[in-house]
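Heads up: the sequence shown is residues 1 to 295, going by UniProt numbering.
In what follows, a structure is listed as C-alpha cells, so that the remarks can point back to it.
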Amino acid sequence: MQRRQRQAQRRRQRRWRWGLSGGFLLTALLLIGGITTQRSAPTTSNPLEAMENLFIGPRVHYGLQTAWRTQLAGRSERVSIALYSAQTGQLYSRTNAAHHQFHMASTVKVAILAGILRQEKGHLTAQEKALATRMIENSDNAATNLLFEDYLGGQAGLQATFAAFGMTHSTAHKAWGLSTTTPADQVRLLNQIYFSSDQLNDQSRAYLRYLMAHVATDQQWGISAGSDSFALKNGWLPYGKDQWIINSIGYIDGPGANDYTIAIYTDHNPSMASGKQLVEQLAQVTRQAMRRLDD
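Structure, rendered in C-alpha cells:
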C-alpha cells in the first residue's frame, strides 16, 4: 500500500511539473514522435495523464534498447525480441538476425487454439477442452496433433489463422512446430488475447488467458523471469547437431497500467539449458527496464 501511495505521489508531482511546461513539452513531442512505432495509443480521459504516457514512450524505448543491446553483444545465437507496452501503446523490438524467421516450436500452440476458438466462437466441446488443456498447460504434442488436423484444418487452417490475426510474417507448416514467425507477429496475437480483439470474443480470450496462466510448473520458465504475475507458452526443439530452438511468449502483469506482452525467439543455442538461460536473462533485464517506469 505504501509503495502504491508513493508511486501515485510521484505521478502527481510529474503531472504538476508537466502542466507548468505544457507548451515546451508539446513542441518536444513533435520533435521526438518518430522514435518508436505507434501501434494503438493508450486511452485516458485525463489530458495530463495522456501527455505523461506519450512522454514515457521514448523513455521506455531507451531503457529497453540499452538493456537488449547489452545482452545481445557478442552473441552467436540468433535472437529476436518484441514487446508491446499497454501504458505507451507502442511496440519495441530488437534482433541480431534481421529478416530471419524463427521456427515456432510449441509456441504455435497458442495460435492453434486461438484459431479454433475463432472458428467456433468460443464454444468448444468437452473433448476439445480436454485436448486444449493438455496442449497449453502440458505442451502435449499428441493433443496438438488432433486439434491441428481434426479441428483447425491443418496447415491451411493455421495459415488462415495467421491471416485473421494480422500475422503477415508467419508461415504455417504441415509439421506445425516448424511453422515460422517473428516476435512482432506473436505480440500481435498476444494483444488480441490480453488487450482487445476483433477476432476473439470475451469468452475465448478469457479461456486462453486461463490456460496460459496455468502451465505446468516445470514449464514456467522463460519470459516469467523476474516477474511475479505472468502467463506464458514456451517452445523448445533440438535440430541439427547440438543446436536448440528456445522460445517464450506471454504476458506480464505489472503494477498499475504497466502491463506488457512479450515474445522472445532464439535458435543456434548449443543446449536447451543455455537457450533457457539466454531467454531468461533477456526477460529479467526487460522486467527491470519496465519496472523503472514506476520509480
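All residues carry an ideal CB built from backbone N, CA and C; glycine is no exception.
query                                                                                                                                                                             : result
Assuming R209 and I193 make a contact with CB atoms under 8 Å, what is their CB distance in whole Å?                                                                              : 6 Å
Excluding the 5 residues preceding and the 5 following Y239 in the sequence, name in chain order all residues of the same chain whose CB lies nearer than 7 Å to its CB.          : I245
On a Cα-Cα basis, can you pick out the residue from F195, H103, N138 that is closest to T171?                                                                                     : H103
Under 8 Å, do A111 and L158 count as touching if we go by C-beta distance?                                                                                                        : yes
Taking its Cβ as the centre, do 16 or more other Cβ atoms sit within 10 Å of Q186, making it buried, or is it exposed?                                                            : buried
Does the Cβ-Cβ distance between A132 and L146 come in under 8 Å?                                                                                                                  : no
Among L124, S139, S80, which residue has its Cα nearest to the Cα of Q220?                                                                                                        : S139
Rounded to whole angstroms, what's the CA-CA distance from L237 to G57? Just pull it up for me.                                                                                   : 35 Å
When the Cα atoms are used, what is the spatial distance from N269 to H100?                                                                                                       : 15 Å
Buried or exposed for L282, please, with buried defined as at least 16 other CB atoms from any protein chain shown within 10 angstroms of its CB.                                 : buried
What whole-angstrom Cβ distance do A86 and F195 have, given they're in contact under 8 Å?                                                                                         : 6 Å
For S93, which residues of its own chain have a beta-carbon under 8 Å away from its beta-carbon, when the five flanking residues on both sides are left out?                      : S80, I81, A82, L83, P183, A184
May I have the straight-line CA-CA distance separating K129 from K121, to the nearest angstrom?                                                                                   : 14 Å
Under 6 Å Cβ to Cβ from W176, same chain only, skipping five residues before and after it: list those, please.                                                                    : V108, F148
Might you give, ordered along the chain, the residues of its own chain that have their beta carbon closer than 7 Å to the beta carbon of A28, omitting 5 neighbours on each side? : Bear in mind that a pLDDT of 35 at A28, under 50, signals an unreliable position, so the model cannot answer this.
My parser needs the alpha helix (DSSP H) runs of 4 or more residues fully inside the UniProt domain "Beta-lactamase class A catalytic" (115-266); what are they?                  : 126-137, 141-146, 154-164, 183-194, 202-212
Are the Cβ atoms of G166 and R134 separated by less than 8 Å?                                                                                                                     : no
Going by beta-carbon coordinates alone, are T286 and L64 separated by less than 8 Å?                                                                                              : yes
Alpha carbon to alpha carbon, how far is S271 from D228?                                                                                                                          : 27 Å
Helix, strand or coil for R94? Go by DSSP, reduced to three states.                                                                                                               : strand
From the DSSP secondary-structure annotation, give me the bridge partner or partners of S85.                                                                                      : Q90, Y260
Would you mind sorting K241 into buried or exposed? The rule is 16 or more other CB atoms within 10 Å of its CB.                                                                  : exposed
Rank A225, P255, E280, Y265 by C-alpha distance to the C-alpha of R292 and give the top, closest one.                                                                             : P255
Specify the secondary structure class of S106 as computed by DSSP and reduced to three states.                                                                                    : helix
Tell me where the alpha helix (DSSP H) around L293 begins and ends.                                                                                                               : Careful: L293 lies outside any alpha helix (DSSP H) and carries neither H nor E.
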